[in-house]
Amino acid sequence: DGGITQSPKYLFRKEGQNVTLSCEQNLNHDAMYWYRQDPGQGLRLIYYSQIVNDFQKGDIAEGYSVSREKKESFPLTVTSAQKNPTAFYLCASKQEGVRNQPQHFGDGTRLSIL
Amino acid sequence: GESVGLHLPTLSVQEGDNSIINCAYSNSASDYFIWYKQESGKGPQFIIDIRSNMDKRQGQRVTVLLNKTVKHLSLQIAATQPGDSAVYFCADNTGTASKLTFGTGTRLQVTL
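Line by line, the protein sequences are chains A and B. If you read the first sequence in our numbering, its first letter stands for residue 197, the second for the next number, and so on. If you read the second sequence in our numbering, its first letter stands for residue 7, the second for the next number, and so on.
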């Protein structure tokens, strides 16, 4: 089945540690996105990539890094500089080149601090 | 900054009744709007979308209405079922080709 796979489903981070969240899609979508969701809040954009080897900061990029070496993959690293990393992280993708297409989401990774 | 917001954080309806979830947006350049459904512990699921050249769009048991004059859209769910219980988000593209802005969500609770 085509879709977006996020792993792991749950992740724990120790103080001072970097952790990487995986996002893989087999929808052949050009654009991929990372969002952060806190309880009772909407989704906030961390980073997005419209094409391989290129990405842009979103609204809350500080303390995060990404790479886009392959079309199918857009991993997110939560660095030790992110002081409040506990949240639900969502990855999305959509087809570029055609205006007004919805983003499709994976089922998220919940990150907690040990 | 400009944002998409929702009028009601929680909506409780009886099974079989119709549900109406409202959303206000502020960016006049927005020309594409989406409704998502998010169940607990899962990612948002696309429900229906509408472009600004339309006032109404219907899907299976769902209808989205867009009022550009007052920058308001609504999601109507007919004959609400227990499986409709979830958080519903509206999102708009703020006139861009790639980015979406999301509201904070409305929790729909279906009572038996």
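Here a beta-carbon is modelled for each residue, glycine too, at the ideal position from N, C-alpha and C.
Item	Value
Contact between the segment 260-267 of chain A and the segment 214-231 of chain A (3+ Cβ pairs under 8 Å)	yes
Near-chain A residues of the segment 45-77 of chain B - C-beta to any C-beta below 8 Å	47, 48, 49, 50, 51, 52, 55 and 57
CA nearest to the CA of residue 22/B, picked from 91/B, 30/B and 104/B	91/B
Exposure label - residue 201/A; buried when at least 16 CB within 10 Å	exposed
Rounded C-alpha distance that separates residue 115/B from residue 63/B	24 Å
Cβ contact (3+ pairs, closer than 8 Å) linking the segment 34-45 of chain B and the segment 97-116 of chain B	yes
Selection from 239/A, 244/A, 279/A and 233/A that minimises the alpha carbon distance to residue 291/A	244/A
Minimum Cβ-Cβ distance from residue 106/B to chain A less than 8 Å	yes
Residue 2/B at chain A interface by Cβ criterion, 8 Å	This structure cannot settle anything about residue 2/B, because the visible part of chain B is limited to 7 through 118.
Buried or exposed by the 16-neighbour rule on C-beta atoms within 10 Å, applied to residue 234/A	exposed
Anticipated Cβ contact below 8 Å, residue 72/B with residue 60/B, distance rounded	7 Å
8 Å Cβ cutoff, residue 157/B in contact with chain A	No statement about residue 157/B is possible, as the shown extent of chain B runs from 7 to 118 and does not include it.
Environment of residue 206/A [buried if 16+ CB atoms lie within 10 Å]	exposed
Residue 53/B burial status per 10 Å Cβ neighbour count (16 or more: buried)	buried
is_contact[residue 286/A, chain B] using C-beta, thresh 8 Å	yes
Close-in-space but distant-in-sequence residues of the same chain around residue 208/A (CB under 7 Å, 5 per side omitted)	308 and 310
Run of the beta strand (DSSP E) containing residue 306/A, from where it starts to where it stops	305-309
For residue 23/B, three-class secondary structure by DSSP	coil
Simplified DSSP state of residue 61/B, which is helix, strand or coil	coil
Alpha carbon of residue 12/B to alpha carbon of residue 212/A, nearest angstrom	For residue 12/B, the predicted model reports a pLDDT of 42, less than 50, meaning its position is unreliable; a value from the coordinates is still stated below. One C-alpha to the other measures close to 37 Å.
Residue from 249/A, 258/A and 271/A with nearest C-alpha to residue 281/A	258/A
Neighbour flag for residue 251/A against chain B, beta carbons, 8 Å	no
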